[in-house]
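Numbering (this note's numbering), first residue to last: 60 to 275. Even for Gly, the Cβ is constructed at its ideal location relative to N, Cα and C. In this text the structure is predicted, and so the values were computed from the model without any measurement. Structure, as structure tokens:
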Amino acid sequence: MFTAGAAAALAAAALTPSAGAAPALPFPAPPGQITVDVVQVNGSGCRPGTANVAVSPDNTAFTVTYSEYLAQVGKDAKATDFRKNCQLGLSVNVPQGYTYAIAKADYRGFASLAQGASATQNASYYFQGMQQTAYRSHTLNGPTEGNWQVSDAVPVEALVFHPCGAKRNLNINTELRAQAGSSDTANTTSFVAMDSTDGSFNTVYHFSWKTCPQRR
């Protein structure tokens, strides 16, 4: 059972190096400016203008913050509200001579689930024109009310790097589902969210860097 206390413990553990720290970087983050631009937005969980991206000052990660990403079931929900998804196409611009992979993703949000209800968070990401990675799935079980955080880390030997010399968008697919289960939907509403109006809940994608072979 995923309780509020368990959620807090998971969040605290995920922020410590001994519990799911990002894999060691093959190379240090490059100097210079890195930009990430949202070039494509699609899905019921992210209308245009509701997903914002920012790169960390040390070039080791970027964050995605959503403002309208919530799935719900129950008395206050519409029939279509149980599932929300978001497909983002990102143009990641890096200094010449470097390329990157996504080494780890940290997902944060809030959930309020009645007894018998549950929620699922799914995610995948891949480079345009390349094979899509398998979906990673995490389940939260009610009753619970509080913050949640889950992380997906990629082993160093399994990292998929952006092809050197190519220009391909990074596609990120996420999905939230709220399942009523045996909960009392006539009197309760259960929801799971990855949105934030103050920036406190966001998704963090950690880079792994390497240099490209020099052209002769």
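Would you list the residues sitting across from residue i in a DSSP beta bridge?
i	result
Asn-246	Asn-246 pairs with nothing; no bridge assigned.
Asn-144	Glu-234
Lys-134	Its beta-bridge partners do not exist; DSSP assigns none.
Ser-267	Ala-160
Ser-241	Paired residue(s): none; Ser-241 is not in a bridge.
Asn-181	Ser-196, Glu-234
Leu-229	Leu-149, Phe-186
Val-251	Ala-130, Ala-170
Should residue i go down as buried or exposed, given a rule of 16 or more other Cβ atoms within 10 Å for buried?
i	result
Cys-145	buried
Ala-178	buried
Phe-86	exposed
Ser-210	buried
Ala-253	Per the sequence presented here, residue 253 reads as Met, with Ala not at that position. Flag for Met-253 reads buried.
Asn-246	exposed
Ala-68	Low confidence applies to Ala-68: its pLDDT is 35, below 50, so where it sits in the model is not reliable enough to give any reading.
Val-95	buried
Gln-131	buried
Ala-81	Because the pLDDT of Ala-81 is 44, which lies under 50, any placement of that residue in the model is unreliable, and the number read from its coordinates should be weighed accordingly. Burial call: buried.
Could you check where the beta strand (DSSP E) with residue i kicks off and where it finishes?
i	result
Asn-206	203-212
Tyr-194	First-last for Tyr-194: undefined, no H or E at that position.
Please confirm whether residue i and residue j have their CB atoms less than 9 Å apart.
i	j	result
Ala-212	Lys-163	yes
Gly-148	Asn-228	yes
Asn-261	Tyr-125	yes
Ala-170	Val-112	no
Ser-241	Gly-133	no
Ala-239	Phe-121	no
Pro-202	Gln-174	yes
Ile-231	Asn-152	no
Lys-143	Gly-102	yes
Cys-271	Gly-188	no
Glu-204	Leu-172	yes
Checklist entry - What are the start and end residues of each continuous beta strand (DSSP E) run of 3 or more residues lying completely inside the region 145-177, in chain order? => result 157-172
Item to check | Uninterrupted beta strand (DSSP E) stretches inside the region 83-135 (no shorter than 3 residues) | outcome: 94-101, 110-114, 120-125, 129-133
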